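Asks:
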Amino acid sequence: MSFLGYPRPDGSVGTRNYVAVIPTVVCAAATARQISENVKGSVPFLHHQGCALTPSDLALVNRTLTNLALNPNIAAAVLVSLGCDPVDIDGVAEGIAKAGKPVEKLVIQDVGGTVATVEKGTRIARQMVSDASRITREEFDDSYLMFGAECGGSDTTSGLGSNPAIGAAFDMLVQKGGSAVFSETTEFIGAEHLLAQRAVTPEVGKTITDMVRRYEEIFLEKGVDMRGMNPTKGNIEGGLTSIEEKSLGAISKGGTMPIQEMYEYGERPTKKGLTISDGPGYDAPSLTTLAAAGATVMFFSTGRGTPLGSPFVPVIKVTANGATYEKMNDNIDFYVDLARKGNMGEVGAELYAQALQVASGQQTKAETLNQDLYNGIFIIGPLA
Amino acid sequence: MERKAIVLNAKDNVATALADLAAGDTVALEVDKKPVSIKVVNPIQFGHKFSLMDIKSGSPIMKYGEVIGEATKDIAVGEHVHVHNVASTRGRGDVAKAAAK
Chain A
1 MSFLGYPRPD
11 GSVGTRNYVA
21 VIPTVVCAAA
31 TARQISENVK
41 GSVPFLHHQG
51 CALTPSDLAL
61 VNRTLTNLAL
71 NPNIAAAVLV
81 SLGCDPVDID
91 GVAEGIAKAG
101 KPVEKLVIQD
111 VGGTVATVEK
121 GTRIARQMVS
131 DASRITREEF
141 DDSYLMFGAE
151 CGGSDTTSGL
161 GSNPAIGAAF
171 DMLVQKGGSA
181 VFSETTEFIG
191 AEHLLAQRAV
201 TPEVGKTITD
211 MVRRYEEIFL
221 EKGVDMRGMN
231 PTKGNIEGGL
241 TSIEEKSLGA
251 ISKGGTMPIQ
261 EMYEYGERPT
271 KKGLTISDGP
281 GYDAPSLTTL
291 AAAGATVMFF
301 STGRGTPLGS
311 PFVPVIKVTA
321 NGATYEKMND
331 NIDFYVDLAR
341 KGNMGEVGAE
351 LYAQALQVAS
361 GQQTKAETLN
371 QDLYNGIFII
381 GPLA
Chain B
1 MERKAIVLNA
11 KDNVATALAD
21 LAAGDTVALE
31 VDKKPVSIKV
41 VNPIQFGHKF
51 SLMDIKSGSP
61 IMKYGEVIGE
71 ATKDIAVGEH
81 VHVHNVASTR
91 GRGDVAKAAA
101 K
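Chains as they are written, first to last, in the numbering used here: chain A, 1 to 384; chain B, 1 to 101.
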């Protein structure tokens, strides 16, 4: 099977063709957004990080911003910094340029304020969009795709239907030689042994269990009861009793294929196939790390329903809760009927076919309703 | 007929409701490919769990063939199984703190 995508200079293939306008720090966010509002075809990545960070979080922000721009759905990038912020704008720009992507830097304190920066940025972004518009969709084998998976607003139907359906689509792509990534390390707690068993080496298995323990130890050291946070109030109303139950359902969105590696938040995988990005269990910054890892089509499993999308990547909403599918129909793209006694492979194949349509340009509900303004970046803070 | 509840693994001691169930409803289930019938003693909302057997306080609650928590009181067959009678055993900083004292 194949899809129609945009070829990039580094050999990757995008499903969208955006110019990214990326503030390096929250102080530059409004200016970056104004540039993108002036130029159709440009998209901002808004976040509130970039200042007063611990060294490890600063490194996290640097690599996340670089790797977001390296997502195959991005044709070119404009970086907007304030000037006094610690983010390494030169290093970020260099990382993007190395992949052969056009990139420009604007420093608000050097250019001379918002109006001058917006004017300059608008001219740059307009030219970039014009250049990018000459890249046209070509046919590629689906092994060029990278799926991402997220679950949020979960209830027990997530683990019974929508996550296994996504897992089946993941398995199909990985078996064809494509790649897939999932995250949400906190929601591996209680199920990490099952993921570690699927790791390609004992070392990768140990990385998975170590990264889960790293989160859990924060709770143990601080004397905090995780039950106050996860499962959430909505999860509990939906029937989820414990983090273990939630995790056992959550991991099924990753399918059943061998796990090649697990890496830090904001990093890119070094291997093809199924991989895991470290990340938190809350949706918006989790979508960010999937985009930074290189996902070009995302699935978002939800029981309770959610509008959230991603600025650069189409997000296909999947639910197995019939009441939610009816009530939140404006936001849900795909329904898994639990009463239907079909096998999950069949449902996964239907979802896969829809993903190829979306990869080739069909707009998702999150895209058509502009539900992609703010994803943010996760940081650890001085807790760890 | 539509399934009213599902049991995911032969090791499980709970089922998940696929429809709203009233107290006293009898639910036909399949456990390890064998038919089982359970009379629920509480109203069970769609997506919530009920017990397939009597479960002693302190025993593991099993779903997906894995442990999802521990019973905090004795649970009778057909009873609603949720946060009021089950506790997670993971990420329990409160337990660690109490043990350290």
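Heads up, the beta-carbon is just placed ideally off N, CA and C, and yes, glycines get one too.
Note that this is a predicted model, so its numbers are computed, not measured.
Taking 7 Å as the threshold (beta carbon to beta carbon), is A/A359 in contact with chain B?
Replies: no
Asks: Can you list the residues of chain B that A/I259 reaches, using a CB-CB cut of under 9 Å?
Replies: What A/I259 touches in chain B: nothing, since even the nearest Cβ is about 18 Å away.
Asks: Taking only runs that begin and end inside the segment 293 to 325 of chain A, name each unbroken alpha helix (DSSP H) of 4 or more residues, in chain order.
Replies: none
Asks: Give the C-beta separation of B/D32 and B/A10 to the nearest angstrom, bearing in mind that I take them to be a contact with Cβ-Cβ under 8 Å.
Replies: 4 Å
Asks: Please decide whether B/I68 counts as near chain A, where near means a Cβ-Cβ distance under 7 Å.
Replies: Yes, because at least one Cβ of chain A sits closer than 7 Å to the Cβ of B/I68.
Asks: Using a Cβ cut-off of 7 Å (strictly closer), state whether A/V224 contacts chain B.
Replies: yes
Asks: Kindly examine the ligand SAH and report whether one of its heavy atoms sits closer than 6 Å to the Cβ of A/N17.
Replies: Among the components modelled here there is no ligand, and therefore nothing to report on the ligand SAH.
Asks: Which one of A/G249, A/D210, A/A168 has the shortest CA to CA distance from A/D278?
Replies: Per the C-alpha coordinates, the member of A/G249, A/D210, A/A168 positioned closest to A/D278 is A/D210.
Asks: On a CA-only basis, which of A/G249, A/D110, A/A353, A/E119 is nearest A/N38? Give me that one, please.
Replies: A/E119
Asks: Mapping the DSSP letters down to three states, classify B/V31 as helix, strand or coil.
Replies: Assigned with DSSP and collapsed to three states, B/V31 falls in strand.
Asks: Quick check: the Cα distance between A/K206 and A/A30, rounded to an integer number of angstroms?
Replies: 42 Å
Asks: Taking the beta carbon of B/H82 as the centre, do at least 16 other beta carbons fall within 10 Å, making it buried, or is it exposed?
Replies: buried
Asks: Got a sec? Which residues, its chain only, sit under 7 Å from A/L195 by beta carbon, not counting five neighbours each side?
Replies: Counting only Cβ-Cβ distances below 7 Å, and skipping sequence neighbours, we find F188, I208, I251, I259.
Asks: Assign A/F188 to one of three DSSP states: helix, strand, or coil.
Replies: helix
Asks: How should A/A384 be labelled, buried or exposed, when 16 other C-beta atoms within 10 angstroms of its C-beta is the threshold for buried?
Replies: Reliability fails at A/A384, whose pLDDT of 45 lies under 50, so the model's placement of it is uncertain and the value that follows must be treated cautiously. Exposed, since its Cβ has fewer than 16 Cβ neighbours within 10 Å.
Asks: Quick one: what's A/P44 bridged to in DSSP?
Replies: A/V21
Asks: Who are A/A52's beta bridge partners in DSSP?
Replies: DSSP lists no partner for A/A52.
Asks: From A/A339 to A/F378, what distance separates their C-alpha atoms?
Replies: Rounded to whole angstroms, A/A339 to A/F378 spans 38 Å at the Cα level.
Asks: For a contact meaning CB atoms closer than 8 Å, what does A/D278 contact in chain B?
Replies: Identification of chain B residues near A/D278 by a Cβ-Cβ cut-off of 8 Å yields none; the smallest Cβ-Cβ distance measures about 17 Å.
Asks: Using 7 Å as the limit for Cβ to Cβ distance, is B/V86 near chain A?
Replies: yes
Asks: How is the beta strand (DSSP E) around B/F50 delimited, first residue to last?
Replies: 49 to 51
Asks: Could I get the ranges of all uninterrupted alpha helix (DSSP H) runs contained in the segment 92 to 130 of chain A, with 4 residues as the minimum, in chain order?
Replies: Unbroken alpha helix (DSSP H) runs of no fewer than 4 residues, entirely contained in the segment 92 to 130 of chain A, are found at 108 to 111, following chain order.
Asks: Around the Cβ of B/V7, are there at least 16 other Cβ atoms within 10 angstroms (buried) or fewer (exposed)?
Replies: buried
Asks: Answer yes or no: does any C-beta atom of chain B fall closer than 7 Å to that of A/G50?
Replies: no
Asks: For A/N370, count neighbouring C-beta atoms within 10 Å of its own C-beta (all shown protein chains included) and say buried if the count is 16 or more, exposed if not.
Replies: A/N370 counts as exposed, since fewer than 16 other C-beta atoms from the protein chains shown sit within 10 angstroms of its C-beta.
Asks: Are the C-beta of A/D155 and some C-beta of chain B separated by less than 7 Å?
Replies: With 7 Å as the cut-off, A/D155 counts as an interface residue toward chain B.
Asks: Answer with yes or no whether the minimum CB distance from A/R227 to chain B is below 7 Å.
Replies: yes
Asks: Alpha carbon to alpha carbon, how far is A/P9 from A/T64?
Replies: The C-alpha of A/P9 lies about 20 Å from the C-alpha of A/T64.
Asks: Please report the straight-line C-alpha distance between A/M328 and B/A98, rounded to a whole angstrom.
Replies: Cα to Cα, A/M328 sits roughly 43 Å from B/A98.
Asks: So that I know if they touch, is there some Cβ in chain A lying closer than 7 Å to that of B/K97?
Replies: yes
Asks: Quick one: is A/L195 near chain B, going by C-beta distance under 7 Å?
Replies: Not closer than 7 Å to any Cβ of chain B, the Cβ of A/L195 fails to qualify, so no.
Asks: Between A/A52 and A/P86, what straight-line distance do the alpha-carbon atoms span, to the nearest angstrom?
Replies: 8 Å
Asks: To the nearest angstrom, report how far apart B/H48 and B/K56 are at their CA atoms.
Replies: Going from the Cα of B/H48 to the Cα of B/K56 covers about 20 Å.
Asks: With a CB to CB cut of under 6 Å and the five nearest residues on each side skipped, what residues in its chain are close to A/V78?
Replies: Closer than 6 Å at the Cβ level, and outside the excluded window around A/V78, lie V21, E104, G121, I124, A125.
Asks: Which residues mark the beginning and the end of the alpha helix (DSSP H) in which B/T16 is found?
Replies: B/T16 -> not in any alpha helix (DSSP H); beta strand (DSSP E) instead, spanning 14 to 17.
Asks: Nearest chain B C-beta to A/F219 closer than 7 Å, yes or no?
Replies: yes
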